[in-house]
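For the sequence shown, the numbering used here assigns the number 321 to the initial residue and increments by one for each residue that follows.
C-beta atoms are modelled at their ideal positions from N, C-alpha and C, and glycine is treated no differently.
Heads up, the thing below is written out as structure tokens.
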Amino acid sequence: MIDGLAISPPVLGRISIGKVIERNGKRLPEKDDAFTVTSLVQNREGWVHHPLDEVLRKGAADRKLRSIPVTVLFADPHLSFRAQYTAFNRVNGRPMCSGDGKTCRRRTPEGLSTLPCPTPEDCEYGEVYGCKPYGRLNVRIEGQEDDLGSFIFRTTGYNSIRTLSARLTYYQALAGEALPCLPLTLKLRAKSTTQSHRSAVYFVDLVVRDGMTLEAALQTARQGAQQRRAAGWDQSALDQAA
Numbered sequence: 321m322i323d324g325l326a327i328s329p330p331v332l333g334r335i336s337i338g339k340v341i342e343r344n345g346k347r348l349p350e351k352d353d354a355f356t357v358t359s360l361v362q363n364r365e366g367w368v369h370h371p372l373d374e375v376l377r378k379g380a381a382d383r384k385l386r387s388i389p390v391t392v393l394f395a396d397p398h399l400s401f402r403a404q405y406t407a408f409n410r411v412n413g414r415p416m417c418s419g420d421g422k423t424c425r426r427r428t429p430e431g432l433s434t435l436p437c438p439t440p441e442d443c444e445y446g447e448v449y450g451c452k453p454y455g456r457l458n459v460r461i462e463g464q465e466d467d468l469g470s471f472i473f474r475t476t477g478y479n480s481i482r483t484l485s486a487r488l489t490y491y492q493a494l495a496g497e498a499l500p501c502l503p504l505t506l507k508l509r510a511k512s513t514t515q516s517h518r519s520a521v522y523f524v525d526l527v528v529r530d531g532m533t534l535e536a537a538l539q540t541a542r543q544g545a546q547q548r549r550a551a552g553w554d555q556s557a558l559d560q561a562a
């Protein structure tokens with residue numbers, strides 16, 4: 321292994337909210353009220369849809385994908401959802417600085433440096449580079465073939481980051497090491513706020529599978545975890561490796 325190489329879950333595709341449109345000769349992102357599941361390949365029209373996108377849309381009302389059946393890979397919620405304050409280079413898109421509100425790792429002319437992280441509101445560097453909360457959720461979509469692969473959902477929305485962090489923390493407290501077997505649904509929700517001038521703001525939530533109570537979902541998770549252990553699946557070792 322390469323010393324210092326960061327290990328992250330293998331990514332099979334992306335989960336996004338919105339689409340890319342062409343306006344005045346420019347390709348611009350446009351918000352939407354539904355998910356899109358894409359592959360890792362782009363063409364002139366944008367990201368190529370993953371085959372699972374069409375499968376999921378067949379059962380959705382108006383073919384709008386507002387919920388996706390998922391599970392997480394890890395028992396530790398911080399391995400499935402990673403959130404930090406992040407500032408990106410606006411030219412090449414690479415992260416320049418990542419912090420947790422206490423300390424940060426920043427690229428400087430001398431290399432990577434560990435510095436205090438005062439949060440974006442009180443950071444001159446963050447103002448220049450547009451630092452903001454940045455969350456990455458890795459999930460398995462029901463029906464995918466690779467058991468150790470994942471689809472990644474990226475967000476800079478406070479509502480999504482707060483909600484996903486809380487949900488995963490609560491589910492881990494209830495399910496423990498059985499969390500990766502808990503049947504969940506990635507769900508798109510809407511709410512109106514003063515800041516949004518009462519218009520709908522969409523955020524992502526993580527709830528138990530449609531038609532199941534939390535108690536039934538926990539029972540399913542414990543049974544699934546027991547079957548995995550019997551088959552030789554070592555969840556603690558997987559979390560440790562990640």
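Going by the DSSP bridge assignment, what does residue i pair with across the sheet?
{"i": "C424", "result": "G419 and L435"}
{"i": "P453", "result": "Y405"}
{"i": "S387", "result": "K507"}
{"i": "W367", "result": "Q362"}
{"i": "Y522", "result": "A510"}
{"i": "F471", "result": "G333 and V459"}
{"i": "T356", "result": "S336"}
{"i": "V392", "result": "V392 pairs with nothing; no bridge assigned."}
Classify residue i as buried or exposed, calling it buried when 16 or more other Cβ atoms lie within 10 Å of its own Cβ.
{"i": "Y478", "result": "exposed"}
{"i": "V392", "result": "buried"}
{"i": "S400", "result": "buried"}
{"i": "G446", "result": "buried"}
{"i": "V375", "result": "exposed"}
{"i": "L372", "result": "buried"}
{"i": "P429", "result": "exposed"}
{"i": "L457", "result": "buried"}
{"i": "L508", "result": "buried"}
Which residues in the same chain have their Cβ closer than 8 Å to the Cβ of residue i, if we skip the five residues on either side of it in sequence?
{"i": "N363", "result": "none"}
{"i": "S519", "result": "S512"}
{"i": "R487", "result": "D525, L526 and V527"}
{"i": "D466", "result": "P330 and L332"}
{"i": "M532", "result": "P503 and T540"}
{"i": "S470", "result": "P329, P330, V331, L332, L393, N458, V459 and R460"}
{"i": "C443", "result": "C437 and C451"}
{"i": "R383", "result": "R377"}
Sorted by chain position, which residues of the same chain lie with C-beta nearer than 6 Å to residue i's C-beta, five sequence neighbours on each side aside?
{"i": "P415", "result": "T406 and F408"}
{"i": "Q555", "result": "A395 and E497"}
{"i": "A403", "result": "G455 and I481"}
{"i": "R426", "result": "C417, S433 and L435"}
{"i": "Q492", "result": "P397 and L499"}
{"i": "F473", "result": "I335 and L457"}
From residue i to residue j, what distance separates their C-alpha atoms?
{"i": "V528", "j": "I327", "result": "28 Å"}
{"i": "H370", "j": "S418", "result": "30 Å"}
{"i": "D530", "j": "G421", "result": "36 Å"}
{"i": "T358", "j": "R549", "result": "32 Å"}
{"i": "N489", "j": "V459", "result": "One point to set straight first is that residue 489 is Thr, not Asn, in the sequence displayed. Spanning the two alpha carbons is a distance of roughly 15 Å."}
{"i": "F355", "j": "H398", "result": "23 Å"}
{"i": "N412", "j": "A551", "result": "45 Å"}
{"i": "W553", "j": "D559", "result": "12 Å"}
{"i": "V521", "j": "I322", "result": "43 Å"}
{"i": "E535", "j": "Q543", "result": "13 Å"}
{"i": "A510", "j": "F523", "result": "6 Å"}
{"i": "A557", "j": "E462", "result": "23 Å"}
{"i": "C424", "j": "Q464", "result": "36 Å"}
Hey, residue i and residue j: beta-carbon distance below 9 Å or not?
{"i": "A545", "j": "P500", "result": "yes"}
{"i": "L502", "j": "T540", "result": "yes"}
{"i": "T475", "j": "L484", "result": "yes"}
{"i": "R334", "j": "W367", "result": "yes"}
{"i": "V361", "j": "L504", "result": "no"}
{"i": "P453", "j": "P438", "result": "no"}
{"i": "R386", "j": "G450", "result": "no"}
Tell me whether residue i, by its Cβ, gets closer than 8 Å to a heavy atom of the ligand GDP.
{"i": "L457", "result": "Ligands in the displayed structure: none, and consequently the ligand GDP is not present."}
Report all residues from its chain with a CB closer than 7 Å to the CB of residue i; omit the five preceding and five following residues, and keep chain order.
{"i": "A495", "result": "L502, L538 and A541"}
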